[in-house]
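These notes concern the structure reproduced below.
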Amino acid sequence: MTHETGCRNLVLILGDQLTRSLSSLRAADKAMDRVLFVEAHEETTYVRHHKKKIAFVLSAMRHFAEELRRIGWSVDYVKLEDDGNTGSFRGEVERACRRLSPQKIVVTEPGEWRVLEDMKTWQAASGLPVDILDDTRFLCSRAEFRAWASGRKQLRMEHFYRDMRQKTGLLMDDGKPAGGRWNYDADNRKPARADLFMPEPPRFSPDPVTAEVLTLVERRFTDHIGTLRPFWFAVTRADAEKAFDAFLDHALADFGTYQDAMLKGEKFLYHAVVSAYLNAGLLDPLDLCRKAVAAYQKGAAPLNAVEGFIRQIIGWREYVRGIYWLNMPDYAASNGLGASRPLPDFYWTGDTDMLCMAEAIGQTIGDAYAHHIQRLMVTGNFALLAGIDPQEVHEWYLAVYADAYEWVELPNTLGMSQFADGGLLASKPYISSGNYINKMSDYCGSCPYEVKARNGADACPFNALYWDFLARHKQSMKNNPRLGQVYAVWNKMDGEKREALRESAAIFLKRLDEKQKV
Ligand code: FAD
Ligand code: DLZ
Ligand code: SF4
124 MTHETGCRNL
134 VLILGDQLTR
144 SLSSLRAADK
154 AMDRVLFVEA
164 HEETTYVRHH
174 KKKIAFVLSA
184 MRHFAEELRR
194 IGWSVDYVKL
204 EDDGNTGSFR
214 GEVERACRRL
224 SPQKIVVTEP
234 GEWRVLEDMK
244 TWQAASGLPV
254 DILDDTRFLC
264 SRAEFRAWAS
274 GRKQLRMEHF
284 YRDMRQKTGL
294 LMDDGKPAGG
304 RWNYDADNRK
314 PARADLFMPE
324 PPRFSPDPVT
334 AEVLTLVERR
344 FTDHIGTLRP
354 FWFAVTRADA
364 EKAFDAFLDH
374 ALADFGTYQD
384 AMLKGEKFLY
394 HAVVSAYLNA
404 GLLDPLDLCR
414 KAVAAYQKGA
424 APLNAVEGFI
434 RQIIGWREYV
444 RGIYWLNMPD
454 YAASNGLGAS
464 RPLPDFYWTG
474 DTDMLCMAEA
484 IGQTIGDAYA
494 HHIQRLMVTG
504 NFALLAGIDP
514 QEVHEWYLAV
524 YADAYEWVEL
534 PNTLGMSQFA
544 DGGLLASKPY
554 ISSGNYINKM
564 SDYCGSCPYE
574 VKARNGADAC
584 PFNALYWDFL
594 ARHKQSMKNN
604 PRLGQVYAVW
614 NKMDGEKREA
624 LRESAAIFLK
634 RLDEKQKV
């Protein structure tokens with residue numbers, strides 16, 4: 124729906140900027156300026172996004188545009204299949220400029236480098252000034268992170284997090300961390316039992332706006348990964364807040380304890396399941412943290428849970444964004460371990476005998492969601508051990524999760540998970556044999572592979588791959604102090620055992636290369 128009358132400024136709002144207090148909206152005037160939303164073919168296809176992710180973004184955009192109209196903004200909304208839609212932000216901004224003759228284009232900085240680079244050329248192309256404003260939804264601006272990083276030898280998250288605690292005052296008592304410690308991870312990370320009460324995130328029935336989007340996605344993105352229905356995501360701020368309130372009431376108290384646990388058929392455990400909402404702008408990070416701290420203050424959740432939760436948001440989430448902008452564009456091409464194996468097809472289908480992988484990938488296909496340990500220690504761990512090309516791994520993570528935008532996905536994938544950035548983000552590679560997965564989950568008991576066996580056709584593939592990875596990268600990793608113990612075990616291991624492990628790994632990798640079912 125478009126209006127032909129002119130405007131003062133044109134304010135472009137992207138699909139992950141659905142926040143009333145967005146800096147570009149704050150700088151605008153309802154009476155004189157025009158807001159533009161664009162459903163863009165380029166954005167829906169630059170990776171083959173999960174069907175649920177596309178449906179979520181488009182439906183949330185349509186709902187937010189309506190919300191702005193209701194409160195008095197003039198909104199131009201270009202739908203994906205509208206006549207004349209050029210399919211790109213640039214093309215649609217140009218068209219809107221011809222239609223509306225604005226004096227200026229105003230945007231809040233985008234979350235992805237490729238989009239920012241494009242925006243920087245709009246001024247020259249359109250002859251109009253383009254104001255690119257800071258994204259104030261983050262606690263730490265790009266400039267502030269650059270200042271924090273400058274002169275430091277190591278950019279450790281824990282140090283950054285403490286600064287963010289000081290800055291926000293969250294869980295701080297007279298300048299000291301609540302309870303006397305900054306980090307309560309030592310109390311966390313217990314395996315879960317299958318008979319625990321499992322809170323489920325609330326599900327929201329599609330309204331007519333979402334129903335129309337679902338029909339569009341079903342028709343237009345048939346070859347994209349994912350099951351579209353049932354579609355149950357919140358697509359408005361009000362519903363996203365309901366989802367977070369349910370987490371506060373039913374899951375936060377056990378968030379820390381079971382943060383790393385995995386159970387068959389249990390997709391969410393005690394996780395918040397809010398990343399898609401946060402990243403799209405439906406929820407505000409500081410607001411969530413304040414509510415979690417209030418739950419602690421009224422005795423509804425223990426310190427280990429609440430500290431763990433806010434660390435993910437004011438710590439990890441802000442930190443990975445800082446790392447992204449500090450290091451782009453070179454960061455995206457990093458491949459420190461020279462990994463080159465193609466991503467196995469089963470990442471797209473879930474068709475593997477490895478139960479942990481089938482579970483993590485299966486629920487990803489179903490709901491565009493897997494929790495952190497499934498991403499890091501199952502699918503990520505496997506890709507790292509098997510030497511998969513990090514670019515292909517990156518594209519997969521960017522496509523399959525409803526919360527995936529490059530600013531957050533890329534450092535998590537290339538840095539934390541694939542150790543492709545040479546240890547800039549993680550002080551050691553996150554690798555494990557089947558033993559860790561067995562300890563933290565109930566997967567192995569139902570898996571055709573034998574987790575206790577080290578080599579041979581029936582042995583858990585993670586076991587031989589783990590030692591083979593360490594052997595392959597011994598030269599570059601043996602001096603890493605955090606790997607000292609494992610290399611000591613490897614060095615002491617009987618030569619025949621080492622040979623058998625490496626041979627098992629070679630046989631498995633050959634089967635992978637030959638596209639045999641593993
Ligand atoms: P919870 O476990 O309940 O945590 C609460 C919130 O903390 C999350 O919603 C999220 O906003 C934040 N958070 C937690 N861990 C991280 C982290 N490492 N980095 C940034 N924020 C974090 N997160 C994304 O938002 N988008 C991605 O594309 C993404 N890709 C990832 C890829 C890999 C390989 C890995 C290992 C992690 C990735 N993560 C990503 C981080 C994390 O897995 C998800 O944020 C989390 O699983 C989302 O589920 P939740 O909302 O239930 O989180
Ligand atoms: C992820 C996504 C998708 C699938 N579609 C759109 C779209 O049609 N229009 C839009 O404005 N944004 C979309 N997005 C989110 C953008 O890709 C995101 O804003 C940029 O990647 C910058 O983070
Ligand atoms: Fe995964 Fe190995 Fe356990 Fe099977 S045995 S579920 S492959 S860790």
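Residues in the sequence shown are numbered from 124 upward in steps of one, following the working numbering.
Glycine included, every Cβ here is placed at the ideal spot set by N, Cα and C.
Note that this is a predicted model, so its numbers are computed, not measured.
Since F370 contacts K175 with CB under 8 Å, what's their CB separation in whole angstroms? About 19 Å separates the two Cβ atoms, so there is no contact after all.
Quick check on the DSSP output: the beta strand (DSSP E) that includes L508 runs from which residue to which? Annotation for L508: no beta strand (DSSP E) segment contains it, though the alpha helix (DSSP H) segment containing it runs 504-508.
Quick check on the burial criterion: 16 or more other C-beta atoms within 10 angstroms. Buried or exposed for M124? Model confidence at M124 stands at a pLDDT of 44, short of 50, so the residue's coordinates are unreliable; what they give is reported in the following sentence. Label assigned to M124: exposed.
Using C-beta distances below 6 Å, list every residue in its chain close to N578, excluding the 5 sequence neighbours before and after it, in chain order. Within the same chain, and ignoring the five residues on either side of N578 in sequence, the residues whose Cβ sits closer than 6 Å to its Cβ are A587, A623, L624, S627.
With hydrogens ignored, establish whether the beta-carbon of P584 is closer than 7 Å to any heavy atom of the ligand SF4. Judged by the Cβ position, P584 qualifies as a neighbour of the ligand SF4 at the 7 Å threshold, a heavy atom of the ligand being closer than this.
Please name the residue, chosen from Y492, P452, S211, that lies closest to I348 on a Cα-to-Cα basis. Taking only the C-alpha atoms, the option nearest I348 is Y492.
Would E232 and D257 qualify as a contact pair, given that the criterion is a beta-carbon distance under 8 Å? It is a contact, given that the beta carbons lie within the stated cut-off.
For R326 and L392, the rounded distance between their alpha carbons: A straight-line Cα-Cα distance of about 15 Å links L392 and R326.
Contact check, A423 vs V396, beta carbons under 8 Å: Judged by beta-carbon spacing, V396 lies beyond the 8 Å limit of A423, meaning their Cβ atoms are not closer than that value.
Could you pull the start and end residues of the alpha helix (DSSP H) that R285 belongs to? Its alpha helix (DSSP H) spans residues 280-291.
In the region 184-246, which residue ranges form an unbroken beta strand (DSSP E) of at least 3 residues, counting only runs that do not cross its ends? With a minimum length of 3 residues, the continuous beta strand (DSSP E) runs that stay inside the region 184-246 are 197-201, 227-231.
Residues that DSSP places opposite A582 in a beta bridge: Note: A582 sits in a beta bridge opposite E573.
By DSSP, does D296 sit in helix, in strand, or in coil? Three-state result, D296: strand.
Within 10 Å of its beta-carbon, does G618 have 16 or more other beta-carbons around it, so buried, or fewer, so exposed? G618 is classed as exposed because its beta carbon has fewer than 16 other beta carbons within 10 Å across all chains shown.
Below 8 Å on the Cβ atoms is my guess for L405 versus A374; work out the distance and round it to an integer in Å. That belief does not hold up - the Cβ atoms of L405 and A374 are roughly 19 Å apart, past 8 Å.
Quick one: Cα of R131 to Cα of S147, how far? About 14 Å.
Threshold first: 3 residues or longer. Then list the beta strand (DSSP E) segments lying entirely within the region 416-468, N to C. DSSP runs (the beta strand (DSSP E)) wholly in the region 416-468: none.
Touching by the beta-carbon criterion (3+ pairs, under 8 Å), the region 307-324 and the region 379-389: Enough Cβ pairs lie closer than 8 Å, so yes.
Between L251, S144, A543, L411, which has its C-alpha nearest I437's C-alpha? Measuring from the Cα of I437, the nearest candidate turns out to be L411.
Please report the straight-line C-alpha distance between K638 and D512, rounded to a whole angstrom. Roughly 16 Å separates the two Cα atoms.
Span separating the alpha-carbon of Q497 from that of E482: The straight-line gap from Cα to Cα measures roughly 9 Å.
So which of R304, A151, R237 has the shortest CA-CA distance to Y528? The shortest Cα separation from Y528 among R304, A151, R237 belongs to R237.
For K153, which residues in the same chain have their Cβ closer than 6 Å to its Cβ, ignoring the five residues on either side in sequence? Taking K153 as the centre and dropping the five residues before and after it, the same chain places the C-beta of G195, W196 closer than 6 Å to its C-beta, in chain order.
Any heavy atom of the ligand FAD closer than 7 Å to the beta-carbon of D526? Checking the Cβ of D526 against the ligand FAD gives yes.
Could I get the ranges of all uninterrupted beta strand (DSSP E) runs contained in the region 141-176, with 3 residues as the minimum, in chain order? For the region 141-176, whole beta strand (DSSP E) runs of length 3 or above, ordered along the chain, are 157-161.
How would you call C345, buried or exposed, if buried means at least 16 neighbouring beta carbons within 10 angstroms? Note that residue 345 is Thr in the sequence shown, not Cys. By the neighbour-count definition (other C-beta atoms within 10 Å, threshold 16), T345 is an exposed residue.
Should A361 go down as buried or exposed, given a rule of 16 or more other Cβ atoms within 10 Å for buried? By the Cβ neighbour-count rule, A361 is exposed, with fewer than 16 other Cβ atoms within 10 Å of its own.
May I ask you to check if the CB of Y566 is nearer than 7 Å to at least one heavy atom of the ligand SF4? Here the distance from the Cβ of Y566 to the nearest heavy atom of the ligand SF4 is below 7 Å.
Note down, one range per segment and in chain order, each beta strand (DSSP E) of at least 3 residues found wholly within the region 311-342. Taking 3 residues as the shortest admissible run, the region 311-342 contains no complete beta strand (DSSP E) segment at all.
If you reduce the DSSP assignment to three classes, tell me which class I560 lands in. Here I560 sits in helix by DSSP.
Over what stretch of residues does the alpha helix (DSSP H) that includes N614 continue unbroken? Per DSSP, N614 belongs to the alpha helix (DSSP H) from 607-615.
Could you check whether G129 and S224 sit closer than 8 Å to each other, using their CB atoms as the reference points? Yes, the pair counts as a contact, with Cβ atoms nearer than the cut-off.
Could you spell out where the beta strand (DSSP E) holding D512 opens and where it closes? Judged by DSSP secondary structure, D512 falls outside any beta strand (DSSP E); it is assigned neither H nor E.
Going by CA-CA distance only, name the one from R185, F432, R171 that's closest to L159. Of all alpha-carbon atoms in R185, F432, R171, the one lying nearest the alpha-carbon of L159 is that of R185.
What separation, rounded to the nearest whole angstrom, lies between the Cα atoms of L460 and L548? Each residue's Cα considered, the two are about 15 Å apart.
What separation, rounded to the nearest whole angstrom, lies between the Cα atoms of E532 and L319? Straight-line spacing of the CA atoms in E532 and L319 works out to 31 Å.
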